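Notes for the one structure printed next.
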Amino acid sequence: MSTGVIILAAGAATRIGRAKMLLPYQSTNLLLHLVQEVKQIQPQHLLIVTGFYHQLILEQMNWQKDVDIVYNENWQKGMATSIQKGIEYVMQKPLPVTHLFLLVSDQPFLNSTLLQNMLTLQQHTQKGIVAAEYDGIIGTPVLFAEQYFAKLLELKGDVGARKIVHQYRKDVATIAFPLGKFDIDTPEDYEKFCLLNNESNAK
Numbered sequence: 007m008s009t010g011v012i013i014l015a016a017g018a019a020t021r022i023g024r025a026k027m028l029l030p031y032q033s034t035n036l037l038l039h040l041v042q043e044v045k046q047i048q049p050q051h052l053l054i055v056t057g058f059y060h061q062l063i064l065e066q067m068n069w070q071k072d073v074d075i076v077y078n079e080n081w082q083k084g085m086a087t088s089i090q091k092g093i094e095y096v097m098q099k100p101l102p103v104t105h106l107f108l109l110v111s112d113q114p115f116l117n118s119t120l121l122q123n124m125l126t127l128q129q130h131t132q133k134g135i136v137a138a139e140y141d142g143i144i145g146t147p148v149l150f151a152e153q154y155f156a157k158l159l160e161l162k163g164d165v166g167a168r169k170i171v172h173q174y175r176k177d178v179a180t181i182a183f184p185l186g187k188f189d190i191d192t193p194e195d196y197e198k199f200c201l202l203n204n205e206s207n208a209k
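This note's numbering puts the first residue of the sequence shown at 7, with every later residue one more than the last.
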């Protein structure tokens with residue numbers, strides 16, 4: 007089993023009005039923290055797909071080893087274009103992967119333990135898709151086996167991988183990720199996250 011990880015970070019984050027993936031977190035920022043967590047599962051390939059904030063992300067991340075950054079020139083056409091850009095890039099790499107994680111950059115509580123547990127669940131169940139579940143919703147992060155890569159490439163517009171997950175529900179294993187419901191879309195979300203994180207660290 008060889009794994010690739012695609013972090014989707016192409017959006018303009020209009021509701022928060024700034025590059026939310028670069029908001030401060032601990033001694034770094036949200037995106038770099040996520041990259042550090044991902045590296046702990048030792049993926050074959052780690053890719054960040056950028057868009058509106060490409061230059062800012064590049065400046066923050068270009069010194070990172072073993073991280074590829076790819077600009078999606080069609081980011082305004084929706085998330086499907088970023089998924090396609092990422093998969094096409096990974097598929098042309100010399101070392102192929104059998105599984106791909108799709109992650110978003112604004113789930114601050116995503117960590118390496120969850121990702122490793124998803125890999126373990128896939129091996130135990132042999133399901134083609136493993137997805138997180140929170141508040142009755144099946145969503146990101148999602149792990150796809152290679153038989154779904156072509157189907158992901160067929161997505162169009164502002165449609166995420168959830169469409170494939172629901173279409174092939176019988177081939178999906180889910181894992182509880184209660185904090186997955188929390189993402190950062192507004193300044194208030196970020197303030198709430200900082201408060202929750204401080205409370206967690208104080209325990």
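Glycine included, every Cβ here is placed at the ideal spot set by N, Cα and C.
Note that this is a predicted model, so its numbers are computed, not measured.
Taking the alpha helix (DSSP H) that residue i falls in, what are its first and last residues?
{"i": "residue 188", "result": "Counting along the chain, residue 188 falls outside any alpha helix (DSSP H), and DSSP gives it neither H nor E."}
{"i": "residue 27", "result": "Per DSSP, residue 27 belongs to no alpha helix (DSSP H) and is neither H nor E."}
{"i": "residue 122", "result": "118-131"}
{"i": "residue 168", "result": "168-173"}
{"i": "residue 156", "result": "155-159"}
Could you confirm whether any beta carbon from chain C is found closer than 9 Å to the beta carbon of residue i?
{"i": "residue 110", "result": "Reference to chain C is not applicable here, since this structure consists of a single protein chain."}
Quick one: residues in its chain with C-beta nearer than 6 Å to the C-beta of residue i, no 5 flanking neighbours on either side, listed in chain order?
{"i": "residue 127", "result": "136, 179, 181"}
{"i": "residue 118", "result": "43, 46, 47"}
{"i": "residue 297", "result": "The shown model of the chain, from 7 to 209, leaves out residue 297, and the question about it has no answer."}
{"i": "residue 39", "result": "31"}
{"i": "residue 122", "result": "47"}
{"i": "residue 124", "result": "136, 149, 181"}
Quickly, what does DSSP pair residue i with across the bridge? List them, please.
{"i": "residue 11", "result": "52, 107"}
{"i": "residue 180", "result": "137"}
{"i": "residue 35", "result": "30"}
Considering only residues of the same chain and omitting the five flanking positions on each side of residue i, which have a CB-CB separation below 8 Å?
{"i": "residue 192", "result": "21, 22"}
{"i": "residue 167", "result": "89, 108, 146, 148, 150, 158, 161"}
{"i": "residue 37", "result": "13, 15, 27, 28, 54, 63, 66, 67, 111"}
{"i": "residue 202", "result": "188"}
{"i": "residue 52", "result": "10, 11, 13, 41, 44, 45, 72, 73, 74"}
{"i": "residue 33", "result": "none"}
For the beta strand (DSSP E) that residue i lies in, which residues bound it at each end?
{"i": "residue 143", "result": "143-151"}
So, under 8 Å CB-CB, residue i and residue j are touching, yes? Tell me the CB distance rounded to an integer number of Å.
{"i": "residue 70", "j": "residue 103", "result": "Incorrect: roughly 19 Å between the Cβ atoms, too far for contact."}
{"i": "residue 142", "j": "residue 84", "result": "Actually they are not in contact, since the Cβ atoms of residue 142 and residue 84 sit about 25 Å apart, beyond 8 Å."}
{"i": "residue 101", "j": "residue 93", "result": "Actually they do not touch by this definition, with Cβ atoms about 15 Å apart."}
Can you name, in chain order, every residue of its own chain whose Cβ lies under 7 Å from the Cβ of residue i, other than the five neighbours on each side?
{"i": "residue 18", "result": "58"}
{"i": "residue 185", "result": "115"}
{"i": "residue 130", "result": "none"}
{"i": "residue 170", "result": "154, 157, 158"}
{"i": "residue 87", "result": "78, 80, 81"}
{"i": "residue 177", "result": "133, 134, 135"}
{"i": "residue 25", "result": "19, 59, 62"}
{"i": "residue 91", "result": "55, 76, 78"}
- Completely contained beta strand (DSSP E) runs for the segment 48-107, where each covers 3 or more residues: Taking only runs of at least 3 residues, the beta strand (DSSP E) segments lying wholly in the segment 48-107 are 51-56, 74-77.
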